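J.: Residue numbers (the working numbering): 8 to 182.
Just so it is clear, CB atoms sit at the ideal spot from N, CA and C, and this is done for glycine as well.
It should be emphasised that the depicted structure is a prediction, and the values quoted were computed from it without experimental measurement.
First the structure, then my questions, so here it is.
Quick look at the structure:
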């Protein structure tokens with residue numbers, strides 16, 4: 008199969024025939040902006056305003072900000088091979104654990120946990136560029152690359168740790 012993200016939905020070319028999927032078929036937004044097929048043959052679809060969509064077994068499932076997704080606009084979807092999907096948007100880069108998406112689907116968790124990266128994480132600008140493709144790239148060494156309005160951002164997913172300890176708070180003055 009060949010999959011195409013278009014301004015009018017998702018298109019698939021199979022056995023010489025095209026099939027178009029739109030909001031009528033369960034897609035959350037007709038403006039599709041990013042595609043990624045993972046090792047489990049699940050197709051992940053980024054949209055202009057409809058968040059992240061999963062296409063599996065002939066059915067669509069959407070994940071939106073109201074569900075915990077960082078943004079509903081997605082420029083690129085990259086799989087780090089460690090269980091995370093990394094995405095970019097006009098507000099920066101964010102990642103979501105695929106296991107959390109499955110847990111959300113199964114009702115095991117109430118909200119998706121998105122981890123966002125921006126200026127406070129060293130990005131010169133959080134404005135990622137999604138107007139041209141590719142809007143991100145995974146290099147052979149596993150690093151993820153995202154173009155921004157002020158240069159290129161590189162992330163090594165192997166070193167991106169989650170700090171589960173809250174920072175120590177010191178009160179210096181009380182007025």
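1. Going along the chain, which unbroken runs of the beta strand (DSSP E) with 3 or more residues stay wholly within the stretch 150 to 178?
2. When DSSP builds the beta bridges, which residues end up paired with residue 16?
3. Roughly how many whole angstroms lie between the Cα atoms of residue 108 and residue 36?
4. Could you give the residue range of the beta strand (DSSP E) that holds residue 112?
5. Would you check if the stretch 109 to 118 and the stretch 172 to 182 touch, i.e. whether three or more CB-CB distances between them fall below 8 angstroms?
6. Report, in whole angstroms, the separation of the C-beta atoms of residue 131 and residue 158, which I expect to be a contact under 8 angstroms.
7. Taking residue 67 as the reference, give the member of 77, 53, 75, 78 with the closest Cα.
8. Could you say which of 122, 14, 163 lies nearest to residue 75 if we only look at CA atoms?
9. Distance check for residue 71 and residue 38, CA to CA, integer angstroms please.
10. Tell me which residues share the same chain as residue 8 and place their Cβ nearer than 8 angstroms to its Cβ, disregarding the 5 neighbours each side in the sequence.
11. Who are the Cβ neighbours of residue 147 in its own chain at under 8 angstroms, not counting the five residues just before and after it?
12. For residue 103 and residue 95, which I take to be in contact (beta-carbon distance under 8 angstroms), what is that distance rounded to the nearest angstrom?
13. Enumerate in chain order the residues of its own chain whose CB-to-CB distance from residue 91 is below 8 angstroms, with the five nearest sequence positions on each side excluded.
14. For residue 181, is the classification buried or exposed, using 16 other Cβ atoms within 10 angstroms of its Cβ as the cut-off for buried?
15. Rounding to the nearest angstrom, what Cα-Cα distance links residue 166 and residue 57 in this structure?
T.: From the atom records:
1. Taken in chain order, the whole beta strand (DSSP E) runs of length 3 or more contained in the stretch 150 to 178 are 151 to 155, 158 to 162.
2. Locating residue 16 in the chain shown gives position 9, where the first residue counts as 1. DSSP output for residue 16 lists 13 as bridge partner(s).
3. Within the chain shown, numbered from 1, the residue matching residue 108 stands at position 101. Within the chain shown, numbered from 1, the residue matching residue 36 stands at position 29. Take the alpha-carbon of residue 108 and the one of residue 36: they are about 19 angstroms apart.
4. Walking along the chain shown from the start, residue 112 turns up at place 105. Per DSSP, residue 112 lies in no beta strand (DSSP E); the unbroken alpha helix (DSSP H) holding it starts and ends at 105 to 112.
5. The stretch 172 to 182 vs the stretch 109 to 118: no contact.
6. Taking the chain shown and counting its residues from 1, the one referred to as residue 131 is at position 124. Taking the chain shown and counting its residues from 1, the one referred to as residue 158 is at position 151. Right, the Cβ-Cβ distance comes to about 6 angstroms (below 8 angstroms), so this counts as a contact.
7. On the chain shown, position 60 is the one that residue 67 refers to. The shortest Cα separation from residue 67 among 77, 53, 75, 78 belongs to 53.
8. Looking up residue 75 in the chain shown gives position 68. The shortest C-alpha separation from residue 75 is found at 122.
9. On the chain shown, position 31 is the one that residue 38 refers to. On the chain shown, position 64 is the one that residue 71 refers to. Across the structure, residue 38 and residue 71 are spaced so that their CA atoms are roughly 15 angstroms apart.
10. By one-based count along the chain shown, residue 8 stands at place 1. Hits under 8 angstroms: 19, 20, 21.
11. Against the chain shown, residue 147 aligns to sequence position 140. There are no such residues.
12. For the purposes of this step, residue 103 is taken as the residue at position 96 of the chain shown. For the purposes of this step, residue 95 is taken as the residue at position 88 of the chain shown. At roughly 13 angstroms, the Cβ-Cβ gap does not stay under 8 angstroms, so residue 103 and residue 95 are not in contact.
13. One-based indexing of the chain shown puts residue 91 at position 84. Excluding sequence neighbours, residue 91 sits near 102, 103, 104, 105, 164.
14. Counted from its first residue, the chain shown places residue 181 at position 174. So residue 181 counts as exposed.
15. On the chain shown, position 159 is the one that residue 166 refers to. On the chain shown, position 50 is the one that residue 57 refers to. Rounded to whole angstroms, residue 166 and residue 57 show a C-alpha spacing of 30 angstroms.
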